[in-house]
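Note sheet for the following structure.
In my numbering, the protein residues as written are 6 to 70.
Structure, rendered in structure tokens:
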């Protein structure tokens with residue numbers, strides 16, 4: 006289901022990357038996104054929540070799907 010959502014995003018030629026920001030403590034989600042090809046960008050704090058920002062680029066996606 007997630008792969009379908011990613012494909013749908015990249016079907017739009019203006020979309021060059023997808024960003025996600027799971028909570029830093031959500032290790033299960035982070036592993037899931039990494040398996041899909043998302044790459045770590047940086048750590049951020051939103052309000053009081055520590056998050057990790059990940060990115061999946063259009064160029065990288067075909068090699069992962």
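All C-beta atoms, glycine included, are put in the ideal place defined by N, C-alpha and C.
Nothing here was measured: the structure is a model prediction, and the numbers come from that model.
For residue 45 and residue 36, I'd like the C-alpha separation in whole angstroms. Mapped onto the chain shown, residue 45 falls at position 40. Mapped onto the chain shown, residue 36 falls at position 31. Distance between the alpha carbons of residue 45 and residue 36 is about 11 Å.
Residues near residue 29 in its chain [Cβ-Cβ closer than 7 Å; skip 5 each side]: In the chain shown, counting from the first residue as 1, residue 29 sits at position 24. Closer than 7 Å at Cβ, skipping near neighbours: 48, 55, 56, 57.
Using only CA atoms, which one of 38, 51, 52 lies nearest to residue 66? Your numbering for residue 66 matches position 61 in the chain shown. It is 38 whose Cα lies nearest to the Cα of residue 66.
Same chain only: Cβ atoms within 8 Å of residue 22, ignoring 5 sequence neighbours per side: By one-based count along the chain shown, residue 22 stands at place 17. So the qualifying residues of the chain are 60, 61, 62, 63.
Which one or two residues does DSSP pair with residue 4 in a beta bridge? Given a span of 6 to 70 for the chain in the structure shown, any question on residue 4 remains unanswerable.
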